Amino acid sequence: MRLTTLLRLAVAGGHSDGLRIALTSIGATLGALALLAATTVLSINGTASYGISLLDEPGLRPGVAIALLLLCVPVMFFVAQCARVGAPARDQRLAAIRMAGATPRQTVLLAAVETGMATALGALLGIGGYLVGRALLDNPSGAGSTLPTDVLPPGWVFVLIVAGLPLLGTWLAALSLRRVLFTPFGVVHREKIRPPRVLPAVLFVVGTAGLILLAPLSSWLERSLSLPSWFFFVPVVIFTVFAALGLVLGTAALSATLGRTIARRARRPAMLIAA
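In the numbering used here, the protein residues as written are 3 to 277.
Structural data, given as structure tokens:
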């Protein structure tokens, strides 16, 4: 299957497919804005005078960057849930493509490329919104701007967002469809449904706990050992990836654990449904 055909079929859906692509793009836009805001804060060198203590003091900036990166966790959860929008209509469309002669691998690739294209569109919109907002909020005259509009992240950050977010979205989509077989007559599972794995939920707990503990620890180490603020960027990225992957892949395990806990304490069905 040629690339042009693959791209054309990826956007050849109905209203539900368009809604899913739009919601996925919105999620990717929010994720790109959060990443750019975090890298902007980390790009501030030395003592600044923005009028905001969280940005003026170098020891507080890693905590601000961590908080901004934590915003990517619910965004990833939102993007993962967007894949369920219009799933029956998408399955019927992919089954029709199978009847036209596409292989199962090509069909899964088509569904993954659809998510990747939506994520790429969202990443570009996020970068465009960041640059436009930076230009509108900049106030070079007078007392200056209260936001770090005079600081720009390195160029490799933009390249990483444009290339990394679509690849991540495509990989997550292909990973979620690895046990699903698109047939000419519908969708079937390749194996029986098993209990959800606990490891992704553990990754979410480790990543979230690491991000929470890293803020005070980084401030203390920076004061004690005179470490630069960018030194803590690598563990922040690692813990953020752990939390995001754990939330996306461990949703079933987290939901099952919460469901079992609430079911033992809920005395009425209405309370359990509300929970």
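Where is the CB? At the ideal position from N, CA and C, for every residue including glycine.
This one's a predicted model, so the numbers in the text were calculated from it and none came from an experiment.
Mark GLY103 as exposed unless 16 or more other C-beta atoms lie within 10 angstroms of its C-beta, in which case mark it buried.
exposed
Using 10 angstroms around the beta-carbon of ASP140, count the other beta-carbons present and answer buried if the total reaches 16, otherwise exposed.
exposed
Under the three-state reduction of DSSP, which class applies to GLY252: helix, strand or coil?
coil
Do ILE54 and GLY124 come within 8 Å of each other at the CB atom, strictly closer than that value?
no
Distance, Cα to Cα, ALA258 vs PRO202?
13 Å
Within 8 Å, strictly: CB atoms of ALA114 and THR172:
yes
Would you call the segment 160-176 and the segment 51-71 touching, i.e. three or more CB-CB distances under 8 Å?
Contact between the segment 160-176 and the segment 51-71 is absent: fewer than three C-beta pairs spanning the two stretches fall below 8 Å.
Considering Cα atoms alone, identify which of VAL238, ASP19 and VAL204 is closest to GLY65.
Of the candidates VAL238, ASP19 and VAL204, the one whose C-alpha sits nearest the C-alpha of GLY65 is VAL238.
Please report the straight-line C-alpha distance between ILE99 and ALA268, rounded to a whole angstrom.
If you draw a straight line from the Cα of ILE99 to the Cα of ALA268, it is about 46 Å long.
Just to confirm before moving on: does the CB-CB distance between PHE241 and LEU216 stay below 8 Å?
yes
Could you compute how far the alpha carbon of GLN94 sits from the alpha carbon of VAL81?
Computed Cα separation, rounded: 22 Å.
Should ALA265 be labelled buried (16 or more other beta-carbon atoms within 10 Å of its own) or exposed?
Exposed, because fewer than 16 other Cβ atoms sit within 10 Å of the Cβ of ALA265.
First through last residue of the alpha helix (DSSP H) which encompasses GLU116
106-139 is the span of the alpha helix (DSSP H), which, as asked, contains GLU116.
State buried or exposed for ALA120, treating a residue as buried only when at least 16 other CB atoms are found within 10 Å of its CB.
buried
For GLY157, does the count of other Cβ atoms within 10 angstroms reach 16, so buried, or fall short, so exposed?
exposed
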